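If you're matching positions, the sequence shown starts at 8 in this note's numbering and goes up one per residue.
All residues carry an ideal CB built from backbone N, CA and C; glycine is no exception.
Here the structure is a predicted model, which is why all the values come from computation and not from measurement.
Report on the following structure.
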Amino acid sequence: MTTSVADRVFNFSPGPAVLPLPVLKKIQEEMLALPGAGASILEISHRSKAFISILDNTKAALRRLLNIPDNYDVLFLQGGARLQFSMIAMNLLRGSTVPAQYVVTGSWGKYAVEEAKKEGPIEVIWDGKKDNYNHLPTASEYSIRPDAPYVHITSNETIQGIQFQSEPNTGNVPLVCDSSSDFLYRPIPIEKYGVVYACAQKNAGPAGVTVVIIRKDLLERSQDNLPGYLNYKAHSKESSLWNTPPTFGVYVVGLVCQWLEKEIGGLAAMHALNQKKAALLYDVVDRYPDLYQGHAAKVDRSLMNVTFRLPSEEKEKAFLTGAVARKLDSLQGHRSVGGIRASIYNAMPMEGVETLANYMTEFAKS
Ligand SMILES: *Cc1c(COP(=O)(O)O)cnc(C)c1O
Numbered sequence: 008m009t010t011s012v013a014d015r016v017f018n019f020s021p022g023p024a025v026l027p028l029p030v031l032k033k034i035q036e037e038m039l040a041l042p043g044a045g046a047s048i049l050e051i052s053h054r055s056k057a058f059i060s061i062l063d064n065t066k067a068a069l070r071r072l073l074n075i076p077d078n079y080d081v082l083f084l085q086g087g088a089r090l091q092f093s094m095i096a097m098n099l100l101r102g103s104t105v106p107a108q109y110v111v112t113g114s115w116g117k118y119a120v121e122e123a124k125k126e127g128p129i130e131v132i133w134d135g136k137k138d139n140y141n142h143l144p145t146a147s148e149y150s151i152r153p154d155a156p157y158v159h160i161t162s163n164e165t166i167q168g169i170q171f172q173s174e175p176n177t178g179n180v181p182l183v184c185d186s187s188s189d190f191l192y193r194p195i196p197i198e199k200y201g202v203v204y205a206c207a208q209k210n211a212g213p214a215g216v217t218v219v220i221i222r223k224d225l226l227e228r229s230q231d232n233l234p235g236y237l238n239y240k241a242h243s244k245e246s247s248l249w250n251t252p253p254t255f256g257v258y259v260v261g262l263v264c265q266w267l268e269k270e271i272g273g274l275a276a277m278h279a280l281n282q283k284k285a286a287l288l289y290d291v292v293d294r295y296p297d298l299y300q301g302h303a304a305k306v307d308r309s310l311m312n313v314t315f316r317l318p319s320e321e322k323e324k325a326f327l328t329g330a331v332a333r334k335l336d337s338l339q340g341h342r343s344v345g346g347i348r349a350s351i352y353n354a355m356p357m358e359g360v361e362t363l364a365n366y367m368t369e370f371a372k373s
């Protein structure tokens, strides 16, 4: 049985998540044979000319989109963002007696701390737990030690739906950012970061590949006694070919970059679209505050994950049932938070958000 575009729902899944339709079509088109290669992306050597060109092109596209300076390297790794929770600490913290500092703004920040703790001293300099992670700190609420190995933040807390709209100033201390659920959602000043890492399956591609953008001087901290795979310096030295990289993932991230450049017009245009999409939903939330109780403080609202509750579980169930009937899929909130979560990543079309906003209005009126 073959399926078609008509079988697709509006997929609000938090991750793995919606991909741009032109990207899926391109994958389908090239699945039997990559142009010139005579075989599919799934079948060719990672050292073949065809794949090296895909790897180079994906890296170059990321460099263009994010304006990545020359003193940063771009790595394609496996193990997801959660392996980065460990690798960051293994590479940048091991041997230090001075703690790395963590700003914990939600579930993922908390998990990052749990892993890093196993590697070295950690200091949580802000934790939003007492307010159920519904807002971000202001700069005056935490203090950064000038000798900290790094400061870690989660730019977008996927589960709670709160997002840094700009970078906290960490002075000369490297800022390390888990950008898994908002990678490529807007232009970011890379030079303000030491490391930006993101698993691809939220906003940039399929599961299986994780992008790590790292300032090259930080590679000198990686110690030789680390297991090879866990050593950033080894991956950098071999241009992400220390071992077999996630070839299909790199290919798809490359196609997503092409889509962002050619069809969207770059990250500033993407950001404008994302602001428009999020505003459609938050406007309905604000218009019916008795029905839709937004989780995030207004100033910290995520443009990627819109989280809210309804007054009762029955109402939430009714809401979700009605949504599915309109092909609005995977809107159930995370099991730890409950309620509704609409993940509206880059690839979610405006039409999907409009359909959801209209449904929310209709549901409120009924
Ligand atoms: C999904 C997610 C992760 C975990 O990614 P894995 O690839 O499953 O390890 C980490 N951080 C954030 C912010 C996420 O959204």
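Whole angstroms is fine: what's the gap from residue i's alpha carbon to residue j's?
i: glycine 212; j: valine 263; result: 7 Å
i: threonine 217; j: phenylalanine 83; result: 6 Å
i: valine 260; j: tyrosine 289; result: 29 Å
i: tyrosine 140; j: methionine 38; result: 43 Å
i: serine 52; j: asparagine 98; result: 29 Å
i: arginine 89; j: glutamate 121; result: 10 Å
i: arginine 228; j: glycine 102; result: 10 Å
i: glutamine 108; j: alanine 67; result: 32 Å
i: lysine 33; j: aspartate 80; result: 28 Å
i: proline 153; j: lysine 199; result: 15 Å
i: arginine 15; j: serine 150; result: 48 Å
i: asparagine 312; j: alanine 119; result: 20 Å
i: lysine 209; j: arginine 333; result: 23 Å
i: glycine 256; j: alanine 214; result: 7 Å
i: serine 243; j: isoleucine 169; result: 32 Å
i: glutamate 323; j: alanine 207; result: 30 Å
i: glycine 135; j: serine 47; result: 47 Å
i: glutamate 320; j: glutamate 358; result: 28 Å
i: glycine 87; j: alanine 205; result: 8 Å
i: serine 55; j: isoleucine 75; result: 26 Å
i: alanine 286; j: proline 27; result: 21 Å
i: alanine 303; j: lysine 137; result: 14 Å
i: isoleucine 197; j: glycine 22; result: 24 Å
i: proline 234; j: asparagine 64; result: 29 Å
i: phenylalanine 315; j: glycine 301; result: 4 Å
i: leucine 182; j: glutamate 126; result: 18 Å
i: proline 252; j: threonine 368; result: 46 Å
i: threonine 161; j: alanine 364; result: 28 Å
Using the rule of at least 16 other Cβ atoms within 10 Å of the residue's Cβ for burial, across every protein chain shown, is residue i buried or exposed?
i: glutamine 35; result: exposed
i: aspartate 293; result: exposed
i: asparagine 238; result: buried
i: serine 11; result: exposed
i: methionine 355; result: buried
i: methionine 277; result: buried
i: aspartate 189; result: buried
i: glutamine 282; result: exposed
i: alanine 330; result: buried
i: leucine 49; result: exposed
i: glutamate 270; result: exposed
i: asparagine 78; result: exposed
i: valine 25; result: buried
i: alanine 279; result: exposed
i: leucine 69; result: buried
i: leucine 123; result: For the record, residue 123 in the displayed sequence is alanine; it is not leucine. Classification for alanine 123: buried.
i: serine 147; result: exposed
i: methionine 8; result: exposed
i: threonine 112; result: buried
i: valine 291; result: buried
i: serine 343; result: exposed
i: threonine 145; result: exposed
In chain order, what residues of the same chain lie with their CB nearer than 6 Å to the CB of residue i, ignoring the 5 residues before and after it?
i: isoleucine 351; result: Lys284, Val360
i: valine 203; result: Cys184, Ser186, Ile220
i: serine 114; result: Ile166
i: histidine 341; result: Ile166
Only counting the same chain, and skipping five residues up and downstream in sequence, which positions put a Cβ closer than 7 Å to that of residue i?
i: leucine 72; result: Leu191, Cys264, Leu267, Glu268, Gly273, Leu274
i: phenylalanine 326; result: Leu317, Ile347, Phe370
i: lysine 240; result: Leu226, Ser229
i: tyrosine 295; result: Ala371
i: isoleucine 61; result: Val257, Tyr258, Gly261
i: threonine 254; result: Ile48, His53, Phe58
i: asparagine 176; result: Ala146
So residue i packs on residue j, CB below 8 Å; how close in whole Å?
i: asparagine 391; j: serine 337; result: Residue 391 lies beyond the range of the chain shown here (8 to 373); nothing can be said about it.
i: tyrosine 157; j: valine 180; result: 6 Å
i: alanine 40; j: alanine 57; result: At roughly 10 Å, the Cβ-Cβ gap does not stay under 8 Å, so alanine 40 and alanine 57 are not in contact.
i: arginine 142; j: valine 110; result: Per the sequence presented here, residue 142 reads as histidine, with arginine not at that position. Not really, about 12 Å apart at Cβ, beyond 8 Å.
i: leucine 335; j: tyrosine 299; result: Going by Cβ atoms, the distance from leucine 335 to tyrosine 299 rounds to 15 Å, so no, they are not a contact pair.
i: glutamate 164; j: glycine 201; result: Actually they do not touch by this definition, with Cβ atoms about 20 Å apart.
Once you ignore the five residues that flank residue i on each side, which residues in its own chain have a CB closer than 8 Å to its CB?
i: valine 105; result: Pro128, Arg152, Asp154, Ala155, Pro156
i: serine 246; result: Leu62
Ranges of the alpha helix (DSSP H) found wholly within the segment 80–149, counting only runs of at least 4: 87–99, 114–123
Within the segment 248–287, ranges of the alpha helix (DSSP H) (whole runs, at least 4 residues): 254–265
3-residue-minimum beta strand (DSSP E) runs that sit fully inside the segment 307–346, ordered along the chain: 312–316
Entirely enclosed beta strand (DSSP E) segments - the segment 185–230, minimum 3 residues: List check, beta strand (DSSP E) in window: 202–206, 217–222.
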